[in-house]
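Novice: First the structure, which I've put down as structure tokens, then a few questions once you've had a look.
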Amino acid sequence: MNTTATKRSVPGNSALKRSAFATGFAAACAAVLLSTAGPAAASQFYGGTLHPGEQRCVQQYAGYQVRADGRATGQGAKFKLQYNGVTVAGSPGLVTAWAAELRSSWGNFPGAGYYTACVTNNGTADSNVRLELKTDGEI
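Counting with the numbering used here, you get residues 487 to 625 for the letters of the sequence shown.
Here is the structure:
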């Protein structure tokens, strides 16, 4: 009869502690990232055909600078940039290319908030238009 006892290796709770630490650490990192995130920024864009009398707008938050660009075919289109419902820049009438840029560093930025860029076909024929609104780090 063999009297030698076999020793079994029972996993300790150190593996469980490492797993719990890794899970807790990942959750803490995610919480920090979410708490420091600012408003989402991704340039807003519209491209398509506008029939006479139609308008399209895009909107985005700006903290310190904003830029709007527009193009139109044919007779052109009317463009404008608004802040709090007030037009801060606009084309003088129907144009085929337009841009407006407001920056804190230039002293012409009215303030942080939501900006809306619009294009309107005031002509008598269809116009293919492109309208893009960029803010802050996108410029």
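Note that CB positions come from ideal geometry on N, CA and C, so glycine has one too.
In chain order, what residues of the same chain lie with their CB nearer than 6 Å to the CB of T582, ignoring the 5 residues before and after it?
Specialist: A558, G562.
Novice: Smallest Cα separation from T602: which of G560, P538, G533, E618?
Specialist: Taking only the C-alpha atoms, the option nearest T602 is E618.
Novice: In terms of residues, what are the limits of the beta strand (DSSP E) holding A603?
Specialist: 599 to 606 is the extent of the beta strand (DSSP E) around A603.
Novice: Short of 6 Å in beta carbon distance, which residues of its chain neighbour K620, apart from the five on each side in sequence? Order them along the chain.
Specialist: S529, R553.
Novice: With a threshold of 16 other CB atoms inside 10 Å of the CB of A575, please say whether the residue is buried or exposed.
Specialist: With 16 or more other Cβ atoms within 10 Å, it is buried.
Novice: In the structure shown, what three-state DSSP assignment does D612 receive?
Specialist: The answer is coil: DSSP assigns D612 none of H, G, I, E or B.
Novice: Is it buried or exposed, T606, if we count other Cβ atoms within 10 angstroms and call 16 or more buried?
Specialist: Buried, by the Cβ-count rule.
Novice: Between W592 and D612, what straight-line distance do the alpha-carbon atoms span, to the nearest angstrom?
Specialist: Cα-Cα distance, rounded: 37 Å.
Novice: So the beta strand (DSSP E) G670 belongs to, where does it begin and stop?
Specialist: Here the chain covers residues 487 to 625 and nothing more, so residue 670 does not appear.
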